[in-house]
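Student: Dumping the structure here so I can ask a few things about it.
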Amino acid sequence: MGRVTYITLYQGWTNSKVCPPNWETKPYGVLFNKNNYTNLKAVYFVAAISVNDVTATGKIRLYNVTDGKEIEESTIETNETSIEFVDMVKKTSNLKDRLPDHEVALVFQLQVSEGFLIRCTTVYLEVVEE
Numbered sequence: 001m002g003r004v005t006y007i008t009l010y011q012g013w014t015n016s017k018v019c020p021p022n023w024e025t026k027p028y029g030v031l032f033n034k035n036n037y038t039n040l041k042a043v044y045f046v047a048a049i050s051v052n053d054v055t056a057t058g059k060i061r062l063y064n065v066t067d068g069k070e071i072e073e074s075t076i077e078t079n080e081t082s083i084e085f086v087d088m089v090k091k092t093s094n095l096k097d098r099l100p101d102h103e104v105a106l107v108f109q110l111q112v113s114e115g116f117l118i119r120c121t122t123v124y125l126e127v128v129e130e
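If you want it as structure tokens, here you go:
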């Protein structure tokens, strides 16, 4: 396996009560340019999220502030209620081809079923080079 780099967007504890169709944009993020990586194989969006009730659905997605749009296929959905980190961690499929070919400011957005709460502790990119 090649080199793996972890780029933290957020580490701490944040939550949201924003419900569909709206998203709450969190002001935590990074500047990212996939062209800065030699032999880029994969980029994954990883988040530790949970909700306060098993009947709720919580979502997190990666948002490109520079171009004003979400990163396609970056939405992670959960109905996990545990606050144990190992239970909360979810990962997208490879987003390498979904990320633009120029430097962008990336942040994350949260959303949860009406009347419920989504919790988030850690958000990062996992960058894999061959």
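Sequential numbering of the sequence shown, starting at 1, is according to the working numbering. The beta-carbon is built from N, C-alpha and C at its ideal position, and this holds for glycine as well. Small disclaimer: the values here were computed from a predicted structure and weren't measured.
Near GLU130, which residues of its chain fall below 7 Å by C-beta distance, leaving aside the five closest residues on each side in sequence?
Tutor: Answer for GLU130: GLY2, ASN39, LYS41, listed in chain order.
Student: Am I right that ALA48 and VAL89 are in contact with their C-beta atoms under 8 Å? What's the rounded C-beta distance?
Tutor: With a Cβ gap of about 5 Å, ALA48 and VAL89 count as contacting.
Student: Who are the Cβ neighbours of VAL54 in its own chain at under 6 Å, not counting the five residues just before and after it?
Tutor: Counting only Cβ-Cβ distances below 6 Å, and skipping sequence neighbours, we find ASN79, THR81.
Student: Go to PHE85, then tell me how far its alpha helix (DSSP H) extends in each direction, as first and last residue.
Tutor: Taken as a continuous stretch (DSSP letters only), the alpha helix (DSSP H) holding PHE85 covers 85-88.
Student: Going by CA-CA distance only, name the one from THR8, CYS120, VAL4 that's closest to ILE76.
Tutor: Residue CYS120 is the option with its Cα nearest to ILE76.
Student: Per the DSSP calculation, THR8 is bridged to which residue(s)?
Tutor: TYR124.
Student: Grouping DSSP H, G and I as helix and E and B as strand, with all else coil, what is ASN15?
Tutor: Note: ASN15 maps to strand in three-state DSSP.
Student: Are GLY29 and LEU106 touching if we call contact CB-CB under 7 Å?
Tutor: Taking 7 Å as the Cβ cut-off, GLY29 and LEU106 qualify as a contacting pair.
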